[in-house]
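Numbering (my numbering), first residue to last: 86 to 198.
We put the beta carbon where it would ideally sit given N, CA and C, even for glycine.
Predicted model only: the values in this text are computed from it and were never measured.
Structure, as structure tokens:
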């Protein structure tokens with residue numbers, strides 16, 4: 086005699102959709118990616134000179150944080166994050182430099198979040 090599990094019932098819940106166009110639009114909206122660049126974020130994209138001797142940083146911490154956030158959220162490798170950042174800056178019509186993947190990976194180790 087076999088026992089029936091209370092945790093895993095043998096039936097499956099059936100979902101029925103009555104409005105397919107609305108359901109289809111909802112599925113499309115799940116893949117929507119919207120990123121806003123505020124004027125303050127654009128001003129902070131390129132850091133101010135430190136006033137110390139030696140090479141000055143080309144990219145600010147918020148720029149590197151954006152790359153790290155995109156990497157973690159979308160589970161992308163660093164090369165893909167570099168391409169995504171470049172395309173976002175290009176689509177926004179911003180004339181700002183974007184860090185390459187080696188700079189992104191190197192700068193995230195010393196980043197204070």
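>> In this structure, how does DSSP classify residue 148 when only helix, strand and coil are distinguished?
In response: Sequence index remark: in the chain shown, residue 148 carries index 63 (1-based). If DSSP states are grouped into helix, strand and coil, residue 148 belongs with the helices.
> Do you know offhand how far residue 193's Cα is from residue 117's?
Replying inline: Translated into positions along the chain shown, residue 193 becomes position 108. Translated into positions along the chain shown, residue 117 becomes position 32. Each residue's Cα considered, the two are about 27 Å apart.
> Taking the alpha-carbon positions, what's the residue 186 to residue 159 distance?
Replying inline: Taking the first residue of the chain shown as 1, we reach residue 186 at position 101. Taking the first residue of the chain shown as 1, we reach residue 159 at position 74. The alpha-carbon atoms of residue 186 and residue 159 are separated by roughly 15 Å.
>> Quick check on the burial criterion: 16 or more other C-beta atoms within 10 angstroms. Buried or exposed for residue 149?
In response: The residue given as residue 149 occupies position 64 in the chain shown. Residue 149 sits buried, since 16 or more C-beta atoms from the chains shown fall within 10 Å of its C-beta.
>> Helix, strand or coil, according to DSSP, for residue 115 in the structure here?
In response: The count along the chain shown starts at 1 and reaches residue 115 at position 30. Correct three-state label for residue 115: coil.
>> Suppose you measure from the CA of residue 109 to the CA of residue 141; what does that come to, to the nearest Å?
In response: In the chain shown, residue 109 corresponds to position 24, counting from 1. In the chain shown, residue 141 corresponds to position 56, counting from 1. Rounded to whole angstroms, residue 109 to residue 141 spans 50 Å at the Cα level.
> residue 168 by DSSP, collapsed to three states: which one?
Replying inline: Here residue 168 refers to the residue found at position 83 when the chain shown is read from its first residue. Three-state DSSP puts residue 168 in a helix.
> Buried or exposed: where does residue 170 fall if 16 or more other Cβ atoms within 10 Å of its Cβ makes it buried?
Replying inline: For the purposes of this step, residue 170 is identified with residue 85 of the chain shown, where counting begins at 1. With 16 or more other Cβ atoms within 10 Å, it is buried.
> Where residue 195 and residue 113 are concerned, what is the direct C-alpha to C-alpha distance, given to the nearest angstrom?
Replying inline: The residue you call residue 195 lines up with position 110 of the chain shown. The residue you call residue 113 lines up with position 28 of the chain shown. Taking the straight line joining both Cα atoms gives about 38 Å.
> Which first and last residues belong to the alpha helix (DSSP H) in which residue 124 is found?
Replying inline: Here residue 124 refers to the residue found at position 39 of the chain shown. Segment 124–128, the alpha helix (DSSP H) holding residue 124.
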